[in-house]
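K.L.:
With positions in the sequence shown counted from 1, the corresponding number in my numbering is that position plus 120. The structure under discussion is supplied below as structure tokens; questions concerning it will follow.
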Amino acid sequence: MTQTSTATRLAPHPDRLLPADPGARQVARTVYDAVKDAPIISPHGHVDAALIAADQPFSDPASLLITPDHYVLRLLHANGVDLAALGRADLSGTSPVPPGRAIWRNLADHWDDFLGTPSATGSRPSCTTSSD
């Protein structure tokens, strides 16, 4: 007997980050709908604001999204990745900074460590494409 797969692609629920209480959730939806197309202005960013203001290209994704993010660094380091392997030079200055691709591979190798964390929730949209 041959089985066919009728699995459908799962997508995160649009209310997944909103309050569970129905009244509070409706207020949150109303606020979200009013601002969802506005630019993000965040006082807690990990990207140097000067890079954004100068509108200059960055050298590689790792130097923009991994190395300056203390949350990502701490979680990777707590799971056994040496800080020097993530582009954080030691105080002696003797460790060479690895290429961005090597830093990115460390993140990919440890992606499961991020599941369920705010870092993964916030990063997932920037790590996917419209064809996903």
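Even for Gly, the Cβ is constructed at its ideal location relative to N, Cα and C. Just so we're clear, the structure is a prediction, and the values are computed from it rather than from any experiment.
Which of the three DSSP states, helix, strand or coil, is assigned to residue 151?
P.N.:
helix
K.L.:
Which value, in whole angstroms, describes the spacing of the CA atoms of residue 188 and residue 126?
P.N.:
43 Å
K.L.:
For residue 166, name the three-state secondary structure that DSSP assigns.
P.N.:
In this structure, residue 166 counts as coil in the three-state DSSP scheme.
K.L.:
What does the Cβ neighbour count give for residue 199, buried or exposed, with the cut at 16 atoms within 10 Å?
P.N.:
With fewer than 16 other Cβ atoms within 10 Å, it is exposed.
K.L.:
Answer yes or no: do residue 230 and residue 193 have a C-beta to C-beta separation smaller than 9 Å?
P.N.:
no
K.L.:
Just list the alpha helix (DSSP H) runs in the stretch 209-239, keeping only unbroken ones of 4 residues or longer that don't cross its boundaries, in chain order.
P.N.:
220-229
K.L.:
State the CB to CB distance for the pair residue 227 and residue 186, rounded to an integer number of angstroms; the pair is presumed to be in contact (CB under 8 Å).
P.N.:
That pair is a contact at about 6 Å.
K.L.:
Does the beta-carbon distance from residue 177 to residue 224 come in below 9 Å?
P.N.:
no
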